[in-house]
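Residue numbers (the UniProt record's numbering): 1 to 233.
I have placed the structure first, in the form of structure tokens, so that the comments after it can refer back to it.
Below, the structure is given as structure tokens:
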């Protein structure tokens, strides 16, 4: 199966192309430049694999939650490319992608995802791996780090940038429950490919025009004063 995955909900632009010959990936901290970099880097991956967009079986896009502009970049590019090439799409949330990225890096099967949501908040979700699939223990929410949901049991892995930004608050809340903390783990397109493959195989896809972001924060813009202070969404 030939699939292309796009993820830009964080400061890192992550792309991955899977073909019969193997996988090519691009992961780089681009920040706001993701909107200018994404199409040239996609073309570079396609050229490197010797395939054209129309040769693919589908596109995988990151739905968020995450930076408003970054999420729109991945969704919009996926929509445009898929519509033009007549390809189906599958959306994967950034928090689930973090859990799968963590599993690939550490073999973790119990993951507390906390991504820095700016404005003193985190995107939080909890997943457990059972029967070769991720199960959502706590759904994605945006909240203050001191208000994250409590959990039962121990042996959890804490993954995502929020564990660095709010290390003390999260460590206090989950004291005795978290076995390892990996704030460096972010959603990777290669992990999204693994999550999307069984969905494509089952025909559980969307038409290009149905691609949509996952918004769990009501605010999508800052005031002039907040922008002047350097705040971001």
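Backbone N, C-alpha and C fix where the C-beta goes; we use that ideal spot for every residue, glycine too.
Coil, strand or helix - residue 226 by DSSP
In the chain shown, counting from the first residue as 1, residue 226 sits at position 226. Confidence at residue 226 is low in this model, with a pLDDT of 39, below 50, so the placement of that residue should be treated as unreliable; the coordinate-derived value is given next. In the structure shown, residue 226 sits in a helix (DSSP, three-state: H, G or I).
Report yes if the C-beta of residue 142 is less than 6 Å from at least one heavy atom of the ligand PLP; otherwise report no.
Looking at this structure, you won't find the ligand PLP or any other ligand, since it has none at all.
What ranges does the beta strand (DSSP E) occupy inside the stretch 100 to 142, keeping only unbroken runs of at least 3 residues that lie completely in it?
110 to 116 and 122 to 130
Residue 66, buried or exposed, once every other Cβ within 10 Å from all chains shown has been counted against 16
If you number the chain shown from 1, residue 66 lands on position 66. When all chains shown are included, residue 66 counts as buried.
Spell out a yes or no on whether the stretch 22 to 37 and the stretch 65 to 84 are touching, meaning 3 or more CB-CB pairs, one atom from each, closer than 8 Å.
yes
Tell me which same chain residues have a C-beta within less than 6 Å of the C-beta of residue 88, skipping the five on either side of it?
Within the chain shown, the letter at position 88 stands for residue 88. Cβ neighbours of residue 88 beyond the five flanking positions: 58 and 205.
From residue 43 to residue 174, what does the alpha carbon distance come to, in whole angstroms?
By one-based count along the chain shown, residue 43 stands at place 43. By one-based count along the chain shown, residue 174 stands at place 174. So the alpha carbons of these two residues sit roughly 43 Å apart.
Cross-strand partners of residue 178 (DSSP beta bridge):
The count along the chain shown starts at 1 and reaches residue 178 at position 178. In DSSP, residue 178 forms a bridge with 156.
Express the C-alpha separation of residue 180 and residue 131 in angstroms, rounding to a whole number.
If you number the chain shown from 1, residue 131 lands on position 131. If you number the chain shown from 1, residue 180 lands on position 180. Spanning the two alpha carbons is a distance of roughly 23 Å.
Taking three-plus beta-carbon pairs below 8 Å as touching, is the stretch 159 to 170 in contact with the stretch 178 to 194?
yes
Quick check on this structure: which residue in 29, 147 and 49 has the alpha carbon closest to the alpha carbon of residue 17?
Working through the chain shown from its first residue, we reach residue 17 at position 17. The shortest Cα separation from residue 17 among 29, 147 and 49 belongs to 49.
Quick one: Cα of residue 125 to Cα of residue 216, how far?
Position 125 of the chain shown, counted from the start, is the residue given in the question as residue 125. Position 216 of the chain shown, counted from the start, is the residue given in the question as residue 216. Near 12 Å, if we compare the C-alpha coordinates of residue 216 and residue 125.
Taking the alpha helix (DSSP H) that residue 279 belongs to, which residues open and close that run?
Coverage of the chain is limited to positions 1 through 233, which leaves residue 279 absent and any answer about it impossible.
Would you list the one or two residues that DSSP bridges to residue 92?
In the chain shown, the residue the question calls residue 92 occupies position 92. Paired residue(s): 62.
Pick out whichever of 61, 4 and 82 has its Cα sitting closest to the Cα of residue 45.
One-based indexing of the chain shown puts residue 45 at position 45. Of the listed residues, the one whose Cα sits closest to residue 45 is 4.
Give the DSSP bridge partners of residue 27, in chain order.
In the chain shown, residue 27 corresponds to position 27, counting from 1. BP columns for residue 27 point to 14.
Continuous beta strand (DSSP E) stretch holding residue 4: start and end
One-based indexing of the chain shown puts residue 4 at position 4. Here the beta strand (DSSP E) through residue 4 covers 3 to 7.
Endpoints, the alpha helix (DSSP H) within which residue 167 is located:
Working through the chain shown from its first residue, we reach residue 167 at position 167. From DSSP, the alpha helix (DSSP H) with residue 167 extends over 167 to 173.
Can you round the beta-carbon distance between residue 234 and residue 100 to whole angstroms, since I take them to be within the 8 Å contact cut?
The first residue shown for the chain is 1 and the last is 233, placing residue 234 beyond what the model contains.
Counting along the chain, where does the alpha helix (DSSP H) carrying residue 79 start and finish?
Position 79 of the chain shown, counted from the first residue, corresponds to residue 79. Unbroken alpha helix (DSSP H) run through residue 79: 68 to 85.
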